[in-house]
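Here is the structure we will look at, set down as structure tokens.
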Amino acid sequence: MKRPIQTKKIRVSHTFSKQLLDWYYTNKRDLPWRKTDSPYKIWVSEIMLQQTRVDTVIPYYFRFLEAFPTVYDLADAEQQQVLKQWEGLGYYSRGRNLHQAAKMVVEEFEGNIPSDYDTITQLKGIGPYTAAAVLSIAFQKKHAVVDGNVIRVLARYYGIEDDIRSGKTKSRVQSLADDLISDENPGDFNQAVMELGATVCTPRNPLCDQCPLSNDCVAYQTVRTDTIPYKSPAKKVPHHQIAVGLIVNQNNELLIALRPNDVMLGGLWEFPGGKKESDESLPETVSRELNEELGVEVSVFGKFKKLKHAYSHFKITLHAFWCTVTNGAPKPISGKELRWVSLSEIDQYPFPKANKTLIEELKQMENSDLTRFISS
Ligand code: SF4
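In terms of our numbering, the sequence shown opens at residue 1016 and continues consecutively.
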């Protein structure tokens, strides 16, 4: 059932910012990107943190900055090097966009990350959230961030019952955050709200007895932390069956294909294959896809593995089959680059998570000997 949008006017608290910042300075976590004032490093951390947990990001952050210590190093790198560093972090367009944006920073802004909203949002991958985060944390500009943590804290604090999936609710929270943000310490303020949401005002069982805002928090004072914020049920996520072919040549090498840049997981390598149609079996999918993508006819003779993986908007079950080429030589018909690689060199290439899992399984095979699967 659709819930009505709450229209009641909300009074902005003048104590919010002070209470929050006092709490933050005593309780903030010791995170690596909080020890730098480098706009480049702060920018990298903010891109990595999008839809990704802090614990997951930390090792990637160190590894990435070791590989590309400055924006010049990143701009000079090959896309494949960047994606290799990003491998496993997911949402690969973030890595591709960061790389493109670094080139723009070097070519158009003499290596300086822009410090005003209109210019920084010209960079690829920098939307309102990232712009506000980088400008406030690196340049002390007064731009309030609104992410899931901020929405939860402010919805509870002000007792906002509207659906937080709605754009109207998000705009409302944005304007509250714009009013609340500290004049003196906008970067710390933004980090403090997000920190409170991540560590105290958690989605379930918030630690209200440890919260600096509890005296004025409407949800807490009216015992509604279980029902605020309200989020309407998510649409059912589609589940695709994907079938891929493992083809081995005389040199004990596997065939891999490069995904075009303009598609999901673009710039990553994969085993060739695709989505199962409703009227075909999985081996038929492999035959059809390899014929369409590589211009070959194959005999599908054995299943290697089946595994599941979830993306943000859909799930897949990946089925990998051994194949023999029975007619033709593989060529990149759908514009992809192809390469034969041995298991000892395959780690040089960036792969999506599900393919990476397959590779790890292949390496577990006895002596990694693929010769019995060689195409004739
Ligand atoms: S009192 Fe509880 S519900 Fe309110 S902001 Fe603090 S942690 Fe969240």
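We put the beta carbon where it would ideally sit given N, CA and C, even for glycine.
Rounded to the nearest angstrom, the gap between the Cα atoms of P1367 and L1297 is 21 angstroms. Counted as a single uninterrupted DSSP element, the stretch harbouring R1171 is not any beta strand (DSSP E) but the alpha helix (DSSP H) occupying residues G1163 to Y1173. A distance below 7 angstroms between beta-carbons, with the five flanking residues on each side excluded, links R1167 to the following residues of its chain, in chain order: G1212, C1216, P1218 and P1244.
Shown here, Q1256 sits in a strand according to DSSP, grouped into three states.
Of the candidates D1194, P1227 and Q1065, Q1065 places its Cα closest to the Cα of Y1144. For a cut-off of 8 angstroms, the C-beta gap from W1355 to L1270 is around 6 angstroms, short enough to register as a contact. Burial state of R1171 is buried, judged by a 10 Å Cβ sphere holding 16 or more other Cβ atoms. When the beta-carbon positions are compared, Y1076 and P1047 come within less than 9 angstroms of each other.
Where K1033 is concerned, the enclosing alpha helix (DSSP H) starts and stops at F1031 to N1042.
If only uninterrupted beta strand (DSSP E) runs of at least 3 residues are considered, those enclosed by the stretch 1316–1355 are 1330–1342.
Apart from sequence neighbours up to five positions away, the residues of its chain that approach S1151 with a beta-carbon distance below 6 angstroms are H1158, P1201, G1202 and N1205, ordered along the chain.
Distance from V1311 to P1345 at the Cβ level is roughly 5 angstroms; contact confirmed, criterion being Cβ atoms closer than 8 angstroms. The beta carbon of S1357 is closer than 8 angstroms to those of N1266, N1267, E1268 and L1269 in its chain, skipping five residues each way along the sequence. Taking non-hydrogen atoms of the ligand SF4 into account, the C-beta of V1238 is found less than 8 angstroms away from none of them. Assignment of L1270 by DSSP, reduced to helix, strand and coil, places it in the strand class.
M1119 is the residue among M1119, R1109, Y1107 and R1078 whose C-alpha sits nearest the C-alpha of D1091. Each of R1180, E1307 and V1301 was checked against the Cα of K1250, and the nearest Cα belongs to R1180.
Here W1284 is bridged, per DSSP, to L1273. Annotation for A1207: L1035, L1036, W1038, Y1039 and K1043 place their beta carbon closer than 8 angstroms to its own, counting only its chain and skipping 5 residues before and after. Per DSSP, H1158 lies in no alpha helix (DSSP H) and is assigned neither H nor E. Judged by DSSP secondary structure, N1220 falls outside any alpha helix (DSSP H); it is assigned neither H nor E. The distance from the Cβ of G1288 to that of V1301 is about 6 angstroms, consistent with a contact at the 8 angstroms cut-off.
The C-beta distance from T1237 to G1282 rounds to 50 angstroms, too long to fall under 8 angstroms, and the pair is not in contact. Pairing P1227 with K1056, the inter-Cα distance amounts to about 30 angstroms. I1348 and L1309 do touch by the CB rule: their CB atoms are close to 6 angstroms apart, below 8 angstroms. Following the DSSP letters along the chain, one finds L1195 inside the alpha helix (DSSP H) bounded by residues G1182 to L1195.
Beta-bridge annotation (DSSP): I1179 is not paired with any residue.
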